[in-house]
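For the sequence shown, position 322 (counting from the first letter as 1) is numbered 370 according to my numbering, and the numbering increases by one without interruption. See structure below.
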Amino acid sequence: MARFTLPRDLYHGKGTIEELKNLQGKKAIVVVGGGSMRRFGFLDKVIGNLKEAGMEVQLFENVEPDPSVETVMKGAAQMREFEPDWIVAIGGGSPIDAAKAMWVFYEYPETTFEAILEPFSFPALRQKAKFCAIPSTSGTATEVTAFSVITDYEKGIKYPLADFNITPDLAIVDPDLAETMPAKLTAHTGMDALTHAIEAYVSTCNSCFTDPLALKAIAMTFDYLEASYKGDMQAREQMHYAQCLAGMAFSNALLGIVHSMAHKTGAAYKNGHIVHGCANAMYLPQVIRFNAKDEVAAGRYADIARFVGLQGDTTEELVQALCAKIEAYNEALNIPKCIKDYEEGMVPEEEFLEKLSEVAALAISDACTGSNPRIPSQKQMEELLKCCYYGIDVTF
49 MARFTLPRDL YHGKGTIEEL KNLQGKKAIV VVGGGSMRRF GFLDKVIGNL
99 KEAGMEVQLF ENVEPDPSVE TVMKGAAQMR EFEPDWIVAI GGGSPIDAAK
149 AMWVFYEYPE TTFEAILEPF SFPALRQKAK FCAIPSTSGT ATEVTAFSVI
199 TDYEKGIKYP LADFNITPDL AIVDPDLAET MPAKLTAHTG MDALTHAIEA
249 YVSTCNSCFT DPLALKAIAM TFDYLEASYK GDMQAREQMH YAQCLAGMAF
299 SNALLGIVHS MAHKTGAAYK NGHIVHGCAN AMYLPQVIRF NAKDEVAAGR
349 YADIARFVGL QGDTTEELVQ ALCAKIEAYN EALNIPKCIK DYEEGMVPEE
399 EFLEKLSEVA ALAISDACTG SNPRIPSQKQ MEELLKCCYY GIDVTF
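This is the structure in C-alpha cells:
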C-alpha cells in the first residue's frame, strides 16, 4: 500500500499571509529564526493577523540555521508551559523544521529524540495543537513535507526526521516573503528544490501521483531559477511555487543519496558547515552519473531530459545532457564544482580524507538512502565522495 499526504489546506499567492485571520483557536506560538522576518515586517503581520483571529500570541525566536536538538527541546518546553492550540512557523527551512520537532515533544514530553530517529515512528500528533507553516525561502518545501532536519552538534550529525504526522495542517505560500531573499540564498535554495524534484522522480518510491509534480517542478526551475537569482521578482514568485511542487513530490516519493551525502557532509567538518542547497548542487550531477549505471534510473533521467527539451539520440546522451545542464546552472549561479573549492577551501583535504570512511558510512545509513535507485557499498560511497571533493566525473 502506498500513501500520498499533503497539508489539509494550501493558500498560495501574494498576500495570502492574511489567511491567518481565519484560524480558529485560543493560543498560537510563533516560531521564527533570526531577524529578517521581523526586519521586513512579516513577523508583525503574523502577530497582528493571529490577534485579529482572537488568539493570544507568544514568540519563540532566534532558531539558528541547521537547528539543534537543544533548540528543539527548549522550544518544546516553552510550548508545554504556554499550551498553544496552533503552532505557526515562519521563515526558512530551519524554524519550520525546528517547530515540527518541537511539536512532537510538546505533545509527548516523555518521548526522547532517539525514539523518533527511525523513519515513520512518530506518535500520533494533533492531540494538543495544529501546525501552520509559512516559508520565506524557495527550496526546502518543508511547509508541505513529512520531513524535518535537526542537527546534533555534539555528534556532528544531521538527522532527517520523517513521519507523515509532521506534515503541516496549513501551508501559506506567499511569494511576498521570498522577495527578501539575497541572491546567494536564492541560488542555493533553488538548487535544493531542483534536487528534490529530480530525486523524487528517480526514487524507487515514485508513483503516478508524484511524477507529474516532480516533472513540473523541474521544468519551472529550469525556466525561472536563473532569472530569480538575478532579481526578477516574477520569476522569484514562480520559483516559490516550483519548490512547493517539488516538496509535494519528494514528501511522498522520498529522496536519494544526494541528500544522504549532503546531510552527512553538512556538519562533519570543523571549519564550518557546507550549506545544504549548495552541497546538493555540487553532488547532484555526480550522483546522476552513479545512478545512471542502473538501467531503470537512466531511463528516468532521460525522461527528465526530454521533458525539458534537451537533445540526445540515446539514453546515455540524454543523461549526459542533463548533467551538463545542471553543471551550467551551477556555474551561472556561482556555485563551486566540488567540495575542495567550497568557500575557498573550507574543507581541507587532510580532514576530508581523515573523516571519509566515517562520513561514507553515515551517508549509507541515512534515511534517504533506502529509496535511491542504486545502493552504494562502503567503497563506492567513499569513491563517490572523493569525486565530489575533487570534481572528478563518476565512471563507476
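Ideal Cβ placement from N, Cα and C applies to all residues, glycine included.
Roughly how many angstroms lie between the CA atoms of residue i and residue j, to the nearest whole one?
i, j, result
"Cys-386", "Ala-315", "16 Å"
"Met-121", "Ala-163", "14 Å"
"Ile-214", "Phe-195", "7 Å"
"Ala-172", "Gly-360", "48 Å"
"Asp-271", "Leu-404", "36 Å"
"Asp-18", "Tyr-59", "No statement about residue 18 is possible, as the shown extent of the chain runs from 49 to 444 and does not include it."
"Asp-280", "Lys-74", "40 Å"
"Met-150", "Arg-348", "37 Å"
"Asp-389", "Cys-435", "13 Å"
"Asn-254", "Thr-53", "14 Å"
"Ala-146", "Pro-424", "30 Å"
"Arg-87", "Thr-228", "10 Å"
"Phe-108", "Leu-233", "23 Å"
Determine the contact status of residue i and residue j, defining contact as a CB-CB distance below 9 Å.
i, j, result
"Val-221", "His-288", "yes"
"Leu-401", "Thr-313", "no"
"Glu-166", "Asn-420", "no"
"Val-80", "Pro-132", "no"
"Ala-181", "Pro-216", "yes"
"Gln-282", "Ala-241", "no"
"Ala-301", "Thr-362", "no"
"Gly-187", "Gly-238", "yes"
"Val-323", "His-236", "yes"
"Ala-329", "Arg-422", "no"
"Val-192", "Met-296", "yes"
"Glu-369", "Ala-380", "Note that residue 369 is Ala in the sequence shown, not Glu. Not in contact: Ala-369 and Ala-380 (Cβ atoms no closer than 9 Å)."
"Lys-318", "Glu-399", "yes"
"Asp-114", "His-321", "yes"
"Phe-161", "Asp-200", "yes"
Does residue i pass the burial test, meaning 16 or more other C-beta atoms within 10 Å, or should it be called exposed?
i, result
"Ser-169", "exposed"
"Met-309", "buried"
"Tyr-377", "buried"
"Ser-413", "exposed"
"Glu-430", "buried"
"Phe-444", "exposed"
"Asn-97", "buried"
"Met-49", "exposed"
"Gly-304", "buried"
"Ala-189", "buried"
"Glu-155", "buried"
"Arg-51", "exposed"
Can you tell me which residues form a DSSP beta bridge with residue i?
i, result
"Asp-351", "Beta-bridge pairing links Asp-351 to no other residue."
"Pro-208", "Val-197"
"Tyr-59", "Ile-220"
"Gln-106", "Ile-77"
"Cys-180", "Val-136 and Leu-218"
"Met-116", "Note that residue 116 is Ser in the sequence shown, not Met. In DSSP, Ser-116 forms a bridge with Thr-199."
Jot down the residue ranges of each uninterrupted alpha helix (DSSP H) in the stretch 369-442, minimum 4 residues, whole runs only, in chain order. 397-413 and 426-438
To test your reading of the DSSP string, which unbroken alpha helix (DSSP H) runs of 4 or more residues are found completely within the stretch 227-304? Secondary structure within the stretch 227-304: the alpha helix (DSSP H) runs of 4 or more consecutive residues, fully enclosed, are 231-250, 259-277 and 281-301 (chain order).
Could you pull out every unbroken alpha helix (DSSP H) segment of at least 4 residues lying fully inside the stretch 122-176, listed in chain order? 141-155
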